[in-house]
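One point on numbering: in the numbering used here, the residue at position 83 of the sequence shown is 104, and numbering is uninterrupted.
First up is the structure itself, then whatever we jot down about it.
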Amino acid sequence: MELVIRKIGNSKGAVIPAPLLKELGVDAGQIMQANVVEGRLVIEKMKQPEYSLDDLLAQCSPEAITLDDEDKAWLNDSPVGKEAL
């Protein structure tokens, strides 16, 4: 399938036909990874990293979550408006 490189502002771009997008399983707004491999432009879907809360917490040092007196006072303070359930 032929594509035409067009000027888009200060950049250049090509319109990817809908059948190719459908075959790839991507749509407008999808973040893609582009590389040049052996003189060819290769555009691939980026894999979304998967995080679990346990994985993220394991990367935190205990000192990073130490509450000072101001934090403790804020957590224990009474509601001011409609934020209480």
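The beta carbon of each residue, even a glycine, is placed where N, CA and C say it ideally should be.
Remember, predicted model here, so these are calculated numbers, not experimental data.
CA-CA distance, residue i and residue j?
i	j	result
E23	K103	59 Å
K43	G30	27 Å
V25	P38	11 Å
A79	D89	22 Å
S99	T87	21 Å
I64	I52	10 Å
V101	V58	59 Å
Among all the DSSP beta bridges, which residues are the ones paired with residue i?
i	result
N56	V63
G34	R27
Return the residue from the list the options that minimises the CA-CA distance to residue i.
i	options	result
G34	L62, Q80, P40, V47	L62
Please report the Cβ distance between residue i and residue j, rounded to the nearest whole angstrom; I am assuming they are in contact, meaning their Cβ atoms lie under 8 Å.
i	j	result
V36	K66	Contact flag wrong, Cβ pair sits at about 18 Å.
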